[in-house]
Amino acid sequence: MGKLYLTYLSINQFNEVPDLNQSTLRDIYNDKDEEIIERINARQSWLSFQKKVTEKVRKIHGLEGMTANERMAATGLLTDFEELKAKDKKYARFILESLKVDEQSIQKILK
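Heads up, the sequence shown is in my numbering, so the first residue is -12 and it goes up one at a time.
Put into structure tokens, the structure is as follows:
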């Protein structure tokens, strides 16, 4: 018999591992309102960032023949990336993945 994994998710969090279908929402009744609002705002910030990056990437054609730096410069994401690389790897990684940078290069760049 396989292992049973139970994951507790925050109020506005989705299961990041779809194979784990045994998930339950966390009990938010003991959370402070400020904590809930902070999580909601963080989620909105993340979604807004994803939308911004996606829109910039869609506007540029021919990214495949460019280096990662050229792709970021062409899309206007180079400055954002440099700032995020130091303070938030998740956001920086999203930029690179959106620009179709391969995983090996992403790992080297984010070191």
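Glycine residues also receive a C-beta, built at the ideal position from the N, C-alpha and C atoms.
Return helix, strand or coil for residue i, following the three-state DSSP convention.
i       : result
Leu(-9) : Legend: pLDDT at Leu(-9) = 44, less than 50; position of this residue unreliable, value from coordinates given subsequently. Leu(-9): coil per DSSP, three-state reduction.
Gly52   : helix
Leu65   : helix
Val88   : coil
Lys74   : helix
Ile176  : As displayed, the chain neither begins before -12 nor continues past 98, which places residue 176 out of reach and without an answer.
Hey, how far is the Cα of residue i from the Cα of residue j?
i      : j     : result
Leu65  : Arg26 : 27 Å
Glu69  : Glu21 : 31 Å
Gln99  : Glu51 : A question about residue 99 goes unanswered here, because the residues of the chain that appear run from -12 up to 98.
Ile23  : Ser35 : 18 Å
Ser147 : Asp18 : Residue 147 lies beyond the residue range present for the chain, which begins at -12 and ends at 98; the question has no answer from this structure.
Lys87  : Glu42 : 14 Å
Ser92  : Leu71 : 17 Å
Ala109 : Asp89 : Given that the chain is displayed from residue -12 to residue 98, the structure contains no residue 109 and the question cannot be resolved.
State the CB to CB distance for the pair residue i and residue j, rounded to an integer number of angstroms; the pair is presumed to be in contact (CB under 8 Å).
i     : j     : result
Ala79 : Leu97 : 6 Å
Against chain D, with Cβ distances strictly below 8 Å, would residue i count as a contact?
i     : result
Ser85 : The structure shown contains no chain D, having only a single protein chain.
- Inter-stretch contact at 8 Å, needing at least 3 Cβ pairs: the segment 50 to 59 / the segment 77 to 90: yes
- Query: Three or more beta-carbon pairs under 8 Å between the segment 44 to 53 and the segment 61 to 76, yes or no?
  - Reply: By the C-beta criterion, the segment 44 to 53 is judged to be in contact with the segment 61 to 76, since at least 3 inter-stretch pairs fall below 8 Å.
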